[in-house]
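Protein sequences, first through last, are from chains A and B.
Under this note's numbering, think of the first position of the first sequence as 1, with each following residue one higher.
Under this note's numbering, think of the first position of the second sequence as 1001, with each following residue one higher.
By construction, the Cβ of each residue, glycine as well, lies at the ideal position given by its N, Cα and C atoms.
On a predicted model such as this, the values are computed, not experimentally measured, just so you know.
Data first, discussion second: the structure below is written as structure tokens.
Protein chains: 2
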Amino acid sequence: MAVKLNLSKKNFSEWWDKIVFYADLIEERFPLKGAYVWKPYGFAALKLMLKIIEKLLDETGHKETYFPIFVPASLFAKEKEFLKGFGGEVLRVTKAGHHVLDEELIVRPTSETIMYPMFALWIRSWRDLPIKIYQIVPVFRWETKMTKAMFRVREIVRFKEAHTVHATAEEARAQTEEGLQIYSKFFTELKIPFLIIKTPIWETFPGAEYNYDFITVMPDGKVLELGSVINLGQKFAKVFDIKFKDVDGKEKYVWQTCYGISERSLGAALALHGDDKGLIFASKIAPVQVIIVPILKGGNSENEKILAKVKELKENLSKNFRVECDLSDASPGEKFYHWEAKGVPIRIEVGEKELKSKEYLVALRDSGRKEKVAEKDLSSKISTFLEEIDSNLYKNAEKFVKEAIHSFTNTKNAKEELKKKKGIVKLPWCGETDCGKQMEIEVDAGALGYNEKEHATGKCAKCGKPAKWYLMFGKTY
Amino acid sequence: MAVKLNLSKKNFSEWWDKIVFYADLIEERFPLKGAYVWKPYGFAALKLMLKIIEKLLDETGHKETYFPIFVPASLFAKEKEFLKGFGGEVLRVTKAGHHVLDEELIVRPTSETIMYPMFALWIRSWRDLPIKIYQIVPVFRWETKMTKAMFRVREIVRFKEAHTVHATAEEARAQTEEGLQIYSKFFTELKIPFLIIKTPIWETFPGAEYNYDFITVMPDGKVLELGSVINLGQKFAKVFDIKFKDVDGKEKYVWQTCYGISERSLGAALALHGDDKGLIFASKIAPVQVIIVPILKGGNSENEKILAKVKELKENLSKNFRVECDLSDASPGEKFYHWEAKGVPIRIEVGEKELKSKEYLVALRDSGRKEKVAEKDLSSKISTFLEEIDSNLYKNAEKFVKEAIHSFTNTKNAKEELKKKKGIVKLPWCGETDCGKQMEIEVDAGALGYNEKEHATGKCAKCGKPAKWYLMFGKTY
């Protein structure tokens, strides 16, 4: 506990590697690149995050399912375009023991080709529609680039993928909207500012009609894709022959959507909210919301009473909050340092003075502000403090993301800006693929997409024709 | 819905295959032998089951974690005896895309060799002990025997494995006891009668000092292993060099235990409790505890009022129970048949008569008993009925399992009995390995184990020396 971290968020990459390890979120020393062990503290945060998304999905009529992790290679290869999208990154099982399998198995990178042949069996008539399901499962992509805990991994341990099937194109479009709303609520609960962008056609998810991405900006200026919502149209329906008999008696292909997020969302919240002291958890995902620290003095006759009070407070507050007390033999200063680094939003100090006055010193992790609170007011005050912290975390992150977005009218300036500070640069765009692709080359960065709802003024930065949208560029994880 | 199943539990295998499919628990048509798709109704039951075990583990200080699914072959091979135990059944990833991996990856059959090298990094002093963790994850065994949904599968989708580390042999022994207690409570909540047996030394889990199995008997007379609790001693500690500095300043190897269960537990509950009409869910794992069926008559002016009442009852009862109402256009008879097959414990019928009298016909799935219940008493009565059903399910299953156990004094009679009716046969045994193995040959069945607490009278069925225990035999899944 006496370790000093010397954290500086300015060097984000080092900050991240140090803090996820120190704070017991994950273990990075697992002997396989890109695979991480989730420790109890980190896994508790992940579970809290999943609870939020599960609730949002359950409330909107999605049902949880589970599909197998391995799929015969022939089945996976049925959608050739889709396969190509993952081809280099899919893991293949070829042996059981030392026996070579008759047919190789693909380890799912995502479950379209696993689920959709089953949909073809399940769906007969319009009465079977819509289907709205999800699963929370590990998926695998054999990343060869730099791996990074939560952000770029080979085993995504909790991929949440929703898949829906509909009778009409209109319903699928409406479902895409519902997906966008669900994720918007989700990221809002996590206090993550985000942009919803439409992916340019040449970067669209394999097998999709069109897709939206939720993106945000990380402390190092890199752009992070948080999740996507995809309208699959009828592409998979035609490959896997998913048809239904409609009310008019005619056989029709179904319309599909899918949307997914992962533990990246947790990573994004932690990366955006932390500071040079370490993590700061937003209240909904904090495994410990309140830490109670006894302030003991050697040989003090009041020590036992202080400890009894600490336990009493813990018991009382546990009815409304996730509370721990630190009864280790470290010094109060060491404890403060430790729990600040672990990102616990609220600290309560209980010493001799507090015991007498029945007023406790409450410290807020984000601002460092301290306030004396009477015992009877503790519970309601903590609620207020948590809201205050959440609100500050969001405001600061929102400010940061806004300031990382810059508008330009020509690609040269945009390129320079990106080189200097990263973040996101926006350029007016006519909407044509050729222009977009040319801009990617000139800006020297991938096109992220555009906000459909923000119509551009001025001329396309490439062809000079009237611009429709602002195309965004940035370096991604 | 109009399908007639013609179920007969006497032909258990066919009964099982038909009912898991009809009741929408799982999809058996996934194109990979031994892999199954969990549908929403089945997955909901599985989640309810997991909630019970999670609560029992959390209450006893176990913390949830997650360890990677793939492990480099060299690491897995470190415990050679252990590897041999799974050797033929482990899946091996050898390729990413079309690129051959430098080192093959093992797909975890269970996580000892994945977790324990990490323990070696985490544990320094006695202060770091005990460690009590668990994870709920898919594990894989490439079964080549007959596969069967939930009972014998290649992908166990929700393996719950707990692993603990201790400073002394005594603590590890005590932990084994705690494991036995946790699982005993768990199976009691599921209303599964069980035997706890100690595995004979020649059948012990690879790498274990000794282990206990929870077993029960299935309707076809086969014995089902429900879970095991294992004292690992210091075997893995020595292989993976897991040491700690004790209070006395000396370096010592740790002592370990592990215990696991899977979705087999759900399978066992369903197999034991069902009847010729289909499933019967015990209350704790019933995805739907109460189904409300409106009894409508063509052109009846009361129909709308009946439907309104059904929705009102559903809303009120949902505060305390998992409730659905069936508003489809099937006939009441079809609905009764359908929800009985799906195993919903309580059915409420609401027709014109009921609407007037405010007394509703409540039917109990297990006995078929019907009772009129006044609206104001519904909630409390349903609680009582669910307890009654649970109690009956357990009593009947207990009777069945008891009657499937037969004691003999010689192997010849035991063999005949097993051939005739399966179940479990017991023979007095001196405790020596030679005698046990000989008895296996003569009985023509594997030794399951013995109840340590039931001391035998009489002579060993093999050598004639005084018997210590009763060794049990049976055909297992």
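Determine the direct distance from the alpha carbon of Thr1176 of chain B to that of Lys1402 of chain B, and round the result to whole angstroms.
-> Looking up residue 1402 of chain B in the second sequence gives position 402. Looking up residue 1176 of chain B in the second sequence gives position 176. The alpha-carbon atoms of Lys1402 of chain B and Thr1176 of chain B are separated by roughly 26 Å.
Quick one, are the C-beta atoms of Lys39 of chain A and Asp24 of chain A less than 9 Å apart?
-> Numbered from 1 along the first sequence, position 39 holds the residue referred to as residue 39 of chain A. Numbered from 1 along the first sequence, position 24 holds the residue referred to as residue 24 of chain A. Contact: yes.
Alpha-carbon spacing of Phe1293 of chain B relative to Phe1043 of chain B, whole angstroms = Residue numbering aside, residue 1293 of chain B sits at position 293 when the second sequence is read from its first letter. Residue numbering aside, residue 1043 of chain B sits at position 43 when the second sequence is read from its first letter. Here residue 1293 of chain B is Val; the residue named in the question, Phe, does not match the sequence. Taking the straight line joining both Cα atoms gives about 24 Å.
How big is the Cα-Cα spacing for Lys1243 of chain B and Arg1152 of chain B?
-> Position 243 of the second sequence, counted from the first residue, corresponds to residue 1243 of chain B. Position 152 of the second sequence, counted from the first residue, corresponds to residue 1152 of chain B. Near 37 Å, if we compare the C-alpha coordinates of Arg1152 of chain B and Lys1243 of chain B.
Contacts that Tyr259 of chain A makes with chain B (C-beta to C-beta distance below 8 Å) | Working through the first sequence from its first residue, we reach residue 259 of chain A at position 259. What Tyr259 of chain A touches in chain B: nothing, since even the nearest Cβ is about 18 Å away.
Could you tell me whether the region 134-152 of chain A touches the region 78-89 of chain A, using the rule of 3 or more Cβ pairs below 8 Å?
-> The answer is yes - the region 78-89 of chain A touches the region 134-152 of chain A, with three or more Cβ pairs under 8 Å.
Is it right to say Ala467 of chain A is buried, meaning 16 or more other beta carbons lie within 10 angstroms of its own, or is it exposed?
-> By 1-based counting over the first sequence, the position of residue 467 of chain A is 467. A residue is called buried once 16 or more other Cβ atoms fall within 10 Å of its Cβ, and Ala467 of chain A is buried on that count.
Cys258 of chain A vs Ile291 of chain A beta-carbon contact at 9 Å = Translated into the one-based positions of the first sequence, residue 258 of chain A becomes position 258. Translated into the one-based positions of the first sequence, residue 291 of chain A becomes position 291. The answer is no: Cβ separation not under 9 Å.
Would you mind listing the beta strand (DSSP E) stretches within the region 1235-1266 of chain B that are 3+ residues and don't spill past its ends, in chain order?
-> Note on the region 1235-1266 of chain B: whole beta strand (DSSP E) runs with a minimum of 3 residues are 1243-1245, 1251-1253 and 1255-1261, in chain order.
Would you call Thr1433 of chain B buried or exposed, if buried means 16 or more other Cβ atoms sit within 10 Å of its Cβ?
-> The sequence position of residue 1433 of chain B within the second sequence is 433, counting from 1. Classification for Thr1433 of chain B: exposed.
Could you check where the beta strand (DSSP E) with Thr164 of chain A kicks off and where it finishes?
-> Numbered from its first residue, the first sequence carries residue 164 of chain A at position 164. Per DSSP, Thr164 of chain A belongs to the beta strand (DSSP E) from Glu155 to His166.
Using a C-beta cutoff of 9 Å, does Gln1112 of chain B count as contacting chain A?
-> Indexing the second sequence from 1 puts residue 1112 of chain B at position 112. For the record, residue 1112 of chain B in the displayed sequence is Glu; it is not Gln. By this cut-off, Glu1112 of chain B is not an interface position.
Does Arg29 of chain A have its Cβ less than 9 Å from a Cβ in chain B?
-> Locating residue 29 of chain A in the first sequence gives position 29, where the first residue counts as 1. With a threshold of 9 Å between beta carbons, Arg29 of chain A makes contact with chain B.
Cβ contact (3+ pairs, closer than 8 Å) linking the region 443-458 of chain A and the region 195-207 of chain A = Touching, yes.
Of the residues B:Met1472, B:Leu1296, B:Ser1391 and B:Phe1186, the one placed nearest Leu1050 of chain B, counting alpha carbons only = What you label residue 1050 of chain B is simply residue 50 of the second sequence in a count that begins at 1. For the options B:Met1472, B:Leu1296, B:Ser1391 and B:Phe1186, the alpha carbon positioned closest to that of Leu1050 of chain B is the one of B:Phe1186.
Can you give, in chain order, each stretch of the alpha helix (DSSP H) that sits fully within the region 1041-1110 of chain B and has at least 4 residues?
-> 1073-1076 and 1080-1086, all fully within the region 1041-1110 of chain B.
According to DSSP, is Cys1435 of chain B helix, strand or coil?
-> By one-based count along the second sequence, residue 1435 of chain B stands at place 435. Three-state result, Cys1435 of chain B: helix.
How many whole angstroms separate the CB atoms of Ala286 of chain A and Pro345 of chain A, which I take to be in contact at a CB cut-off of 8 Å?
-> Numbered from its first residue, the first sequence carries residue 286 of chain A at position 286. Numbered from its first residue, the first sequence carries residue 345 of chain A at position 345. The beta-carbon distance between Ala286 of chain A and Pro345 of chain A, rounded to whole angstroms, is 6 Å. This is short enough to meet the 8 Å contact definition.
Within 9 Å (strictly less), CB to CB, does Lys63 of chain A reach chain B?
-> In the first sequence, residue 63 of chain A corresponds to position 63, counting from 1. Closer than 9 Å: yes.
When the cut-off is 9 Å and only beta carbons count, does Lys1148 of chain B lie next to chain A?
-> Residue mapping note: residue 1148 of chain B aligns to position 148 of the second sequence, counting from 1. No, its Cβ sits nowhere closer than 9 Å to a Cβ of chain A.
Does the Cβ-Cβ distance between Gln289 of chain A and Arg264 of chain A come in under 9 Å?
-> Translated into positions along the first sequence, residue 289 of chain A becomes position 289. Translated into positions along the first sequence, residue 264 of chain A becomes position 264. In this structure, Gln289 of chain A lies away from Arg264 of chain A, with their beta-carbon atoms at least 9 Å apart.
Can you round the beta-carbon distance between His1273 of chain B and Leu1393 of chain B to whole angstroms, since I take them to be within the 8 Å contact cut?
-> Mapped onto the second sequence, residue 1273 of chain B falls at position 273. Mapped onto the second sequence, residue 1393 of chain B falls at position 393. Taking a contact as a CB-CB distance under 8 Å, the pair His1273 of chain B and Leu1393 of chain B counts as one, their CB atoms being some 5 Å apart.
Return the CA-CA distance between Phe1012 of chain B and Ala1330 of chain B, expressed in angstroms with no decimal places.
-> Against the second sequence, residue 1012 of chain B aligns to sequence position 12. Against the second sequence, residue 1330 of chain B aligns to sequence position 330. One C-alpha to the other measures close to 29 Å.
Name the chain B residues whose beta carbon is nearer than 7 Å to that of Ile69 of chain A?
-> Locating residue 69 of chain A in the first sequence gives position 69, where the first residue counts as 1. The answer, in chain order, is Pro1138 and Glu1155.
Flag His338 of chain A as yes if its beta-carbon sits less than 9 Å from any beta-carbon of chain B, otherwise no.
-> As a working mapping, residue 338 of chain A is identified with position 338 in the first sequence. Contact of His338 of chain A with chain B is not assigned, every C-beta pair being separated by 9 Å or more.
Could you tell me which of B:Thr1188, B:Ala1271, B:Ser1184 and B:Val1247 sits nearest to Leu1224 of chain B, measuring between CA atoms?
-> The count along the second sequence starts at 1 and reaches residue 1224 of chain B at position 224. Considering only alpha carbons, the answer is B:Ala1271.
Selection of the region 1039-1055 of chain B by Cβ proximity to chain A, strictly under 9 Å | So the close ones are Lys1039, Pro1040, Tyr1041, Gly1042, Phe1043, Ala1044, Leu1046 and Lys1047.
Excluding the five sequence neighbours on either side, which residues of its own chain have a C-beta within less than 7 Å of the C-beta of Ile1230 of chain B, listed in chain order?
-> Looking up residue 1230 of chain B in the second sequence gives position 230. Phe1205, Ala1208, Asn1211, Thr1257, Cys1258 and Tyr1259.
Would you say the region 356-376 of chain A touches the region 398-416 of chain A, given that touching needs at least three Cβ pairs under 8 Å?
-> Proximity of the region 356-376 of chain A to the region 398-416 of chain A falls short of the contact definition, fewer than three beta-carbon pairs being nearer than 8 Å.
Kindly indicate which three-state DSSP category Phe151 of chain A falls into: helix, strand or coil?
-> Taking the first residue of the first sequence as 1, we reach residue 151 of chain A at position 151. Coil at Phe151 of chain A, not helix or strand.
To the nearest angstrom, how far is it from the Cα of Lys1033 of chain B to the Cα of Gly34 of chain A?
-> Here residue 1033 of chain B is taken as the residue at index 33 of the second sequence, counted from 1. Here residue 34 of chain A is taken as the residue at index 34 of the first sequence, counted from 1. Each residue's Cα considered, the two are about 30 Å apart.
Within chain A, the residues that Met1118 of chain B reaches when beta carbons sit closer than 8 Å = For the purposes of this step, residue 1118 of chain B is identified with residue 118 of the second sequence, where counting begins at 1. Simply Glu27, Arg29, Phe30 and Val37.
Where Ala1237 of chain B falls, given that 16 or more other Cβ within 10 Å makes a residue buried = Here the question's residue 1237 of chain B lines up with position 237 in the second sequence. Looking at its Cβ environment, which holds 16 or more other Cβ atoms inside 10 Å, Ala1237 of chain B is buried.
Since Phe1140 of chain B sits in a beta bridge, which residues does DSSP pair it with?
-> Translated into the one-based positions of the second sequence, residue 1140 of chain B becomes position 140. In the DSSP assignment, Phe1140 of chain B is bridged to B:Glu1155.
In angstroms, rounded to a whole number, what distance separates the CA positions of Ser1301 of chain B and Thr164 of chain A?
-> For the purposes of this step, residue 1301 of chain B is identified with residue 301 of the second sequence, where counting begins at 1. For the purposes of this step, residue 164 of chain A is identified with residue 164 of the first sequence, where counting begins at 1. About 38 Å.
Which chain A residues sit within Cβ distance under 7 Å of Leu1121 of chain B?
-> By one-based count along the second sequence, residue 1121 of chain B stands at place 121. Residues of chain A passing the Cβ test: Arg29.
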